[in-house]
Amino acid sequence: MLTKRIIPCLDCDLRVPGGRVVKGKEFKQIRYAGVPWELAAEYEEQGADEIVFLDITASAERRETMAHVIKKTAENVFIPLTVGGGIRGVEDARKVFSVGADKVSVNTAAIKRPDVVNEIADEFGSQACVVAIDAKRRYLREE
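Just so it is clear: in the sequence shown, position 65 is 51 by our numbering, and no numbers are missing.
#1: Could you tell me the boundaries of the alpha helix (DSSP H) in which T68 lies?
#2: In chain order, what residues of the same chain have a beta carbon less than 7 Å from the beta carbon of Y29, not counting five sequence neighbours either side?
#3: Among residues of its own chain, excluding the 5 on either side of F83, which ones have a beta-carbon nearer than 8 Å to its beta-carbon?
#4: In this structure, how does DSSP classify L126 when only helix, strand and coil are distinguished?
#5: Tell me, please, which residues DSSP counts as bridged to R6.
#6: Run through DSSP, which three-state label would V63 get?
#7: How is S91 classed by DSSP in three states: helix, strand or coil?
#8: Can you check DSSP and say which residues form a bridge with I181?
#9: Looking at V85: is its Cβ nearer than 8 Å to the Cβ of I56?
#10: Cα-Cα, which of T51, Q15, A60, K9 is closest to D78?
#11: Thinking C-alpha only, which one of A44, K81, Q15 is nearest G71?
#12: Could you tell me which of V116, P66, F39 sits nearest to A53, measuring between CA atoms?
#13: Along the chain, where does the alpha helix (DSSP H) that runs through V117 open and close?
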């Protein structure tokens, strides 16, 4: 029998000083939902098995990911942390691992440069890298 795991995914917007968890649809009509490390602690208290942080603007803004958010979270939350957004290579992964991440999630970089997944896995182990896929359902009209 498969074990179910509860893994909340927190979309973070770092355009707000310090960063905030946001809720929206297709990154539009964004509403602020809270402080990342506070929400992660609440989820841990409620029994989450892992937390995923996605920095929703890092790749589009071509900036580094949210190391300060991960560091502050890792100081108070003791379940695995996965970090995505702005992970373009081994050095980006190394930076978030050094502040407490357990795993990185690669999205845009995996499309632009598929070898990045193997590079990160070779450096840190295959358990430390996942690929995120943003899928959109499209329906074809019958003609």
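Built from N, CA and C at the ideal position, the CB exists for glycine as well.
Keep in mind it's a predicted model, so treat the numbers as computed, not measured.
In short, the structure shows the following:
#1: First-last for T68: 67 to 70, but that is the beta strand (DSSP E), not the alpha helix (DSSP H).
#2: The residues are P(-6), I37.
#3: By the criterion of a C-beta distance shorter than 8 Å, F83 is surrounded in its chain by V90, F110, A114, once the five residues flanking it on both sides are discounted.
#4: In the structure shown, L126 falls within a coil segment according to DSSP collapsed to helix, strand and coil.
#5: In the DSSP assignment, R6 is bridged to D(-1).
#6: It is coil, neither helix nor strand.
#7: If DSSP states are grouped into helix, strand and coil, S91 belongs with the strands.
#8: Any property of residue 181 remains undetermined from this structure, which presents the chain solely from -13 to 129.
#9: The answer is yes: Cβ separation under 8 Å.
#10: D78 has its Cα closest to that of T51, out of T51, Q15, A60, K9.
#11: Closest by C-alpha distance to G71, out of A44, K81, Q15, is A44.
#12: The shortest C-alpha separation from A53 is found at F39.
#13: It is not in any alpha helix (DSSP H) - V117 instead sits in the beta strand (DSSP E) that spans 115 to 117.
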